[in-house]
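Residue numbers (our numbering): 45 to 349.
Rendered as structure tokens:
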């Protein structure tokens with residue numbers, strides 16, 4: 045399959061490497077000319093334990109250079125979705141399967157209002173850490189859920205799911221993708237901001253009583269918002285969040301990766317969105333409000349802003 049991946053971050057590079065390894069024609073669409081040139085020349089290096097393997101990919105900033113894609117996977121941060129949609133407009137017009145792989149919720153109305161076919165949503169638990177541009181460490185093949193918000197899965201999405209599985213990535217069609225989005229959101233709410241604040245891998249939070257209690261409170265605030273919205277989240281969200289921390293103990297969350305690299309984070313699309321939605325239901329969310337503020341302050345100080 046001809047697959048275009050928009051955004052060569054940790055997840056984008058991981059998908060590019062695994063699909064290239066499986067024999068697919070992979071293109072990376074970037075907005076940085078120098079980085080695209082580097083990836084096009086050197087490929088993507090996948091690090092799995094002590095093994096390192098480089099996979100060739102086509103990387104460019106010009107959509108016209110990679111026309112004819114059958115699937116377009118949007119792997120940029122939620123704050124970059126609007127710019128990415130503008131850049132990919134020529135490709136979207138060609139009618140590929142469109143798949144959004146963002147964290148949080150803020151990008152969903154943007155996608156729904158955008159031109160082109162309906163976007164499928166992908167909710168992934170795969171772990172990836174970007175060591176340097178084009179060098180990605182695989183942190184674990186967690187499950188990836190796929191689905192559309194307002195329609196049943198079509199044949200093209202089913203084919204993509206089969207390709208994920210064939211490439212060694214566990215995936216399936218979710219009967220309720222909105223619930224899957226919220227299930228992951230609650231975990232992100234409880235883990236990501238705290239790893240950025242404590243500057244630690246996921247598992248270290250379990251050894252910090254104060255962090256564990258903050259995690260519990262943040263997740264319960266988010267669960268109350270989900271309930272108010274009528275979302276059928278999975279039982280025991282706090283227990284599931286703790287379990288994910290244990291299962292991904294050595295992983296560096298995407299938010300902590302962003303903070304360490306001096307980039308903007310998705311805290312406003314995760315904890316901040318819980319605060320915004322909570323206000324519409326008159327639900328207090330002081331813990332998520334505090335986490336959002338702390339991460340924004342840390343991010344600003346690290347970036348020199």
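By construction, the Cβ of each residue, glycine as well, lies at the ideal position given by its N, Cα and C atoms.
In this text the structure is predicted, and so the values were computed from the model without any measurement.
The three-state reading of DSSP puts residue 278 in coil, since its state is none of H, G, I, E or B. Pairing residue 201 with residue 190 gives a Cβ-Cβ distance under 8 Å.
Annotated as distal: residue 303 and residue 334, with beta-carbon spacing of 8 Å or more.
Around the Cβ of residue 325, a 10 Å sphere holds fewer than 16 other Cβ atoms; the residue is exposed. The straight-line gap separating the alpha-carbon atoms of residue 138 and residue 131 is approximately 14 Å. Here residue 168 is buried: its Cβ has 16 or more other Cβ atoms, across all protein chains shown, within 10 Å.
If you look at residue 181, you'll find it in the beta strand (DSSP E) that goes 179-184.
Contact between residue 322 and residue 265 is confirmed by a C-beta separation of about 7 Å, below the 8 Å threshold. In the assembly as shown, residue 128 is a buried residue. Its beta-carbon has 16 or more other beta-carbons within 10 Å.
Here residue 175 has 91, 181 as same chain residues with Cβ atoms under 8 Å from its own Cβ, once five neighbours each way along the sequence are excluded. Note on geometry: alpha-carbon atoms of residue 156 and residue 290 lie some 35 Å from one another. Assignment of residue 223 by DSSP, reduced to helix, strand and coil, places it in the helix class. With 16 or more other CB atoms across the displayed protein chains lying within 10 angstroms of its CB, residue 227 is buried. Comparing alpha carbon positions, the residue from 133, 292, 215, 86 closest to residue 239 is 292.
Within the stretch 134-216, the complete beta strand (DSSP E) segments at least 3 residues long are 141-144, 164-168, 171-176, 179-184, 188-191, listed from N- to C-terminus.
Beta bridge pairing from DSSP links residue 89 with 98, 179. When DSSP states are grouped into helix, strand and coil, residue 268 belongs to the helix group. In the structure shown, residue 132 falls within a helical segment according to DSSP collapsed to helix, strand and coil.
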